[in-house]
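Asks: Chains as they are written, first to last, in our numbering: chain A, 1 to 302; chain B, 303 to 623.
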Amino acid sequence: MTLALIPMGSTDEFWKSVHAGGVQAAQKLNVNIIWQGPIRRDDRTAQIDVIENMIVRGVKGIVLAPIDNMALRAPVEDAYRNKIPVVIIDSNLESDKSISFVATDNYKGGIMAGEHMIKLLAGKGRVAMLRNVEGSASTDNRERGFLDTLKKAPGIKVVSSNLYAGATTETAYKASENLLAPLKSASSEVALDGIFCPNESSAFGMLRALQDGGLTGKIRFIGFDASQKLIEGVQKGHIDALVVQDPVRMGYLGVEKLVEYLQGKTVEKKIDVPATLVTKANLELPSIKELVAPDLKRWLQE
Amino acid sequence: MNKQAIKDWLNRFMPLAALILVYLVFAIIAPPSFVSLKNLELIVRQTAIVGLASLGMTLVIISGGIDLSVGSIVALVTVCIAWLLTAGCSPLVAAGGGVLAGLICGFINGALITRLKLVPFIITLGTLLIYRGLAKGLAHEQKIDAPLSWINELLAALKSEQLWMLVPGGVWLLALLAVLVALLLKYTRFGLYTFSIGSNEQASRLCGVPIDKVKLLIYSVSGLFAGFAGLMQFSRLTVGDPTVAAGLELDVIAAVVIGGGSLAGGEGSVLGTILGALIMTVIRSGCTQMGLSNWVQEIVTGIIIVVAVVLDRIRHKQEKK
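#1: Can you check the segment 239-288 of chain A for any beta strand (DSSP E) of at least 3 residues that lies completely inside it and give the ranges in chain order?
#2: Would you identify the three-state DSSP class for R142 of chain A, choosing helix, strand or coil?
#3: Going along the segment 587-612 of chain B in order, which residues come within less than 8 Å of chain A, judged by CB to CB distance?
#4: Is there a Cβ from chain B that is less than 8 Å from the Cβ of V56 of chain A?
#5: Skipping 5 residues on each side, what residues in its chain have a beta carbon closer than 6 Å to that of Q348 of chain B?
#6: Can you tell me the Cα-Cα spacing of E343 of chain B and G542 of chain B, whole angstroms?
#7: Would you decide whether V608 of chain B is buried or exposed? Buried here means 16 or more other CB atoms lie within 10 Å of its CB.
#8: Given a cut-off of 8 Å, decide if A113 of chain A and F196 of chain A are closer than it, judged by their beta-carbon atoms.
#9: With distances taken Cα to Cα, identify the nearest neighbour of M8 of chain A among A:E77, A:Q47 and A:G217.
#10: Taking only three categories from DSSP, how would you classify K157 of chain A?
#11: Taking 7 Å as the limit between beta carbons, can you name the residues of its chain near L253 of chain A, skipping five residues before and five after?
#12: I want to verify the contact list: residues of chain A whose CB lies under 7 Å from the CB of T545 of chain B, in sequence order.
#13: For V50 of chain A, decide whether its Cβ has a neighbour in chain B, counting only Cβ atoms nearer than 8 Å.
#14: State yes or no: is the beta carbon of I465 of chain B nearer than 8 Å to at least one beta carbon in chain A?
#15: Straight-line CA distance for S524 of chain B to S95 of chain A?
#16: Can you list, in chain order, the residues of its chain with a C-beta nearer than 7 Å to that of A579 of chain B? Leave out the 5 residues immediately preceding and following it.
#17: List the residues of chain B whose Cβ lies closer than 8 Å to the Cβ of R73 of chain A, in chain order.
#18: I55 of chain A and A26 of chain A - do their beta-carbons sit closer together than 8 Å?
#19: I want to see whether chain B comes within less than 8 Å of D68 of chain A, judged by CB atoms only; does it?
#20: Under a CB-based cut-off of 8 Å, is S374 of chain B close to chain A?
#21: Taking only the alpha-carbon atoms, compute the straight-line gap between G398 of chain B and S365 of chain B and give it to the nearest angstrom.
#22: DSSP three-state call for N162 of chain A: helix, strand or coil?
#23: Please report how far the alpha carbon of F530 of chain B lies from the alpha carbon of V401 of chain B, in whole angstroms.
#24: Quick one: which residues of the segment 437-453 of chain B get their C-beta closer than 7 Å to a C-beta of chain A? List them in chain order.
#25: Once you ignore the five residues that flank R208 of chain A on each side, which residues in its own chain have a CB closer than 6 Å to its CB?
#26: The alpha helix (DSSP H) that contains T496 of chain B, what's its start and end?
#27: Tell me which residues of the segment 350-364 of chain B have at least one Cβ-Cβ distance to chain A shorter than 9 Å, keeping chain order.
#28: What number of angstroms, rounded off, separates the C-alpha of N106 of chain A from the C-alpha of S335 of chain B?
#29: Can you find a C-beta in chain B that's less than 8 Å from the C-beta of D78 of chain A?
#30: Taking the alpha carbon of L478 of chain B as the reference point, which residue from B:S462, B:V572, B:S451 and B:Q444 has its own alpha carbon closest?
#31: Find the residues of chain A that neighbour S338 of chain B, judging by a C-beta separation of less than 8 Å, and give them in chain order.
#32: Residue range of the alpha helix (DSSP H) that T590 of chain B falls in?
#33: Is the beta carbon of I560 of chain B less than 8 Å from the beta carbon of P317 of chain B?
#34: For my contact list, A275 of chain A and V243 of chain A are in at a C-beta cut-off of 8 Å; report their separation, rounded to the angstrom.
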């Protein structure tokens, strides 16, 4: 049995991890998967082309991470008409023609960050949040989850939550400086106790700004997603915690749920791939190591 | 057969032979689905966007010019259509407005090239960025979601009750316009002038060809066809996307060149161009259905472009002897 696993892009670490998870599931369940996606992460047309080709090729099912919640509706509905079931992973699609949606609940991830922040500050202090970019649904939900959780702690005051980091590390660095500048006093003390950044680039920009300002360790800092630099930050104690998604598991579950459906089992409409809190204390655990630096080579034979 | 007839025949035969060869290779090595009728429909459907834009590019390249802005025009057109639809216009008005935007972009290209006396490469490199920027600005750097309408059926897979159409409306539009452009090139003064400017601009000027007028028309037509391509792009996407079709101009130029067009001007044919566009889709479709990585398709397409031009060169040398 041949299935297609279609990511948003093929070059990012995140999608390679999804691929590794898909291969794991395929080997265990004894199915074939074709890994095909557009080169650029924003190339909607190329992704549509790939799905159409997979439909014609007659794959038995498709696991898809849609680049766009609207533009990918037509090919998914085309697959549905051709009786090819589609499992959506990572990002939502505005269509009821898919059999399941496997993704990290970003709102819950935000709550996780918020609860840890309250714990770190013992329920009392001034907190700032640097937003990601305008109109990004996944990070909007993380930000909402974080702020909603902080409201439950009356001792915590949110002093800044309206600055956007922008798409790159460079813009995030500048936005971080702008966030910190008005809070600095003459004696180089900062009127701030905690910071949350909702994705990798904003967290890295903030990390650089804190390091350059000599503020690391003085402010409790929680980020989202992992990269080598951010993990180093956790090791050095510059970052207190990272909320980390599990793309390997996402790829695995996507393929597994599709196979279960094809075997006639009922599959839940929505499946959460829980995020994990990574701190200095649990960084050395084997399960966390596998999460932040999965052994991709073993599965992808690269 | 006289010499000219042999040349014409060769011009037509080479791209067709290449298309058949590529198709046969994939028919053997790709999964059996590749030779299905459904895949043929898919291939022509996926060729429509590049095909429409390359009709205009054929004229431009025959005249010895180049139009690098077509990808950006396509993006701008999808944004215009989505914007008009969300503003409450009827689909017909939105589609017409989008195609008109493409025509205006092409007219501006032509006006700048003839007024400023700069080479088309520079002007259209500039407008490539300008139109892309306009599209992003108009869309506030986001995609615009638009309500579904009959526009989205133009290039969608046929449903079972539409099978009498054989291929979707967008493909018929491509076929119709291709025939029109071919007739235009062969039987009108405009076609004659286009070839003559591309072969020798100075001599044409001395013979009284209204160079600027003809060029203005050529680039306007190129914009118009980019407008149609944009309409088809929107049909597929269902949203206005300012980042779409980045690099499309290279596919379009490649289609013309594989089809026997010469970047030195004076040569090219509509049939060749369409065959060139089909060759590239066949490669993409075959590689995707075989599960090959993207880089393989890119290398294969690159090799075909180089081989096509080399064969073209060899043919020319033989003719001179």
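Note that the Cβ used here is the ideal one computed from N, Cα and C, for glycine as well.
Replies: Short version:
#1: 241-244, 270-272 and 276-279
#2: Counting from 1 along the first sequence, the entry for residue 142 of chain A is found at position 142. In the structure shown, R142 of chain A sits in a helix (DSSP, three-state: H, G or I).
#3: S587, T590, Q591, G593, S595 and N596
#4: Indexing the first sequence from 1 puts residue 56 of chain A at position 56. Yes, V56 of chain A lies at the interface with chain B (some Cβ there is under 8 Å from its Cβ).
#5: The residue given as residue 348 of chain B occupies position 46 in the second sequence. The residues are T583.
#6: Counted from its first residue, the second sequence places residue 343 of chain B at position 41. Counted from its first residue, the second sequence places residue 542 of chain B at position 240. Distance between the alpha carbons of E343 of chain B and G542 of chain B is about 25 Å.
#7: Looking up residue 608 of chain B in the second sequence gives position 306. Its Cβ having fewer than 16 others within 10 Å, V608 of chain B is exposed.
#8: In the first sequence, the residue the question calls residue 196 of chain A occupies position 196. In the first sequence, the residue the question calls residue 113 of chain A occupies position 113. Cβ atoms of F196 of chain A and A113 of chain A: closer than 8 Å.
#9: Walking along the first sequence from the start, residue 8 of chain A turns up at place 8. Closest by alpha carbon: A:Q47.
#10: Here residue 157 of chain A refers to the residue found at position 157 of the first sequence. K157 of chain A falls in the strand class under three-state DSSP.
#11: For the purposes of this step, residue 253 of chain A is taken as residue 253 along the first sequence, with counting starting at 1. Counting only Cβ-Cβ distances below 7 Å, and skipping sequence neighbours, we find V102, I271 and V273.
#12: Translated into the one-based positions of the second sequence, residue 545 of chain B becomes position 243. Result: D42.
#13: The sequence position of residue 50 of chain A within the first sequence is 50, counting from 1. At least one chain B Cβ lies under 8 Å of V50 of chain A.
#14: What you label residue 465 of chain B is simply residue 163 of the second sequence in a count that begins at 1. Correcting the residue identity first, residue 465 of chain B is Leu in this sequence and not Ile. Answer no: the Cβ-Cβ gap between L465 of chain B and chain A never drops below 8 Å.
#15: Looking up residue 524 of chain B in the second sequence gives position 222. Looking up residue 95 of chain A in the first sequence gives position 95. C-alpha separation (whole angstroms): 37 Å.
#16: For the purposes of this step, residue 579 of chain B is identified with residue 277 of the second sequence, where counting begins at 1. Answer for A579 of chain B: T349, V352, G353, S356 and A557, listed in chain order.
#17: Sequence index remark: in the first sequence, residue 73 of chain A carries index 73 (1-based). The answer, in chain order, is T540.
#18: Working through the first sequence from its first residue, we reach residue 26 of chain A at position 26. Working through the first sequence from its first residue, we reach residue 55 of chain A at position 55. Not in contact: A26 of chain A and I55 of chain A (Cβ atoms no closer than 8 Å).
#19: Numbered from 1 along the first sequence, position 68 holds the residue referred to as residue 68 of chain A. Yes, D68 of chain A lies at the interface with chain B (some Cβ there is under 8 Å from its Cβ).
#20: The sequence position of residue 374 of chain B within the second sequence is 72, counting from 1. No, because no Cβ of chain A sits closer than 8 Å to the Cβ of S374 of chain B.
#21: As a position in the second sequence, residue 398 of chain B is number 96, starting the count at 1. As a position in the second sequence, residue 365 of chain B is number 63, starting the count at 1. Roughly 28 Å between the two C-alpha positions.
#22: In the first sequence, residue 162 of chain A corresponds to position 162, counting from 1. In this structure, N162 of chain A counts as strand in the three-state DSSP scheme.
#23: For the purposes of this step, residue 530 of chain B is taken as residue 228 along the second sequence, with counting starting at 1. For the purposes of this step, residue 401 of chain B is taken as residue 99 along the second sequence, with counting starting at 1. Rounded to the nearest angstrom, the two C-alpha atoms are 6 Å apart.
#24: Q444, K445 and D447
#25: Position 208 of the first sequence holds residue 208 of chain A. Once the five neighbours on either side are set aside, the close Cβ partners of R208 of chain A are Y173.
#26: For the purposes of this step, residue 496 of chain B is identified with residue 194 of the second sequence, where counting begins at 1. Where T496 of chain B is concerned, the enclosing alpha helix (DSSP H) stretches over R491 to S501.
#27: I351
#28: As a working note, residue 106 of chain A is residue 106 in the first sequence. As a working note, residue 335 of chain B is residue 33 in the second sequence. The straight-line gap from Cα to Cα measures roughly 40 Å.
#29: Within the first sequence, the letter at position 78 stands for residue 78 of chain A. Yes, contact with chain B.
#30: Position 176 of the second sequence, counted from the first residue, corresponds to residue 478 of chain B. Per the Cα distances, B:V572.
#31: Position 36 of the second sequence, counted from the start, is the residue given in the question as residue 338 of chain B. Those within 8 Å of S338 of chain B in chain A are V56.
#32: Mapped onto the second sequence, residue 590 of chain B falls at position 288. V572 to M592 is the extent of the alpha helix (DSSP H) around T590 of chain B.
#33: By 1-based counting over the second sequence, the position of residue 560 of chain B is 258. By 1-based counting over the second sequence, the position of residue 317 of chain B is 15. Yes. Within cutoff.
#34: Here residue 275 of chain A refers to the residue found at position 275 of the first sequence. Here residue 243 of chain A refers to the residue found at position 243 of the first sequence. Right, their Cβ atoms sit about 5 Å apart.
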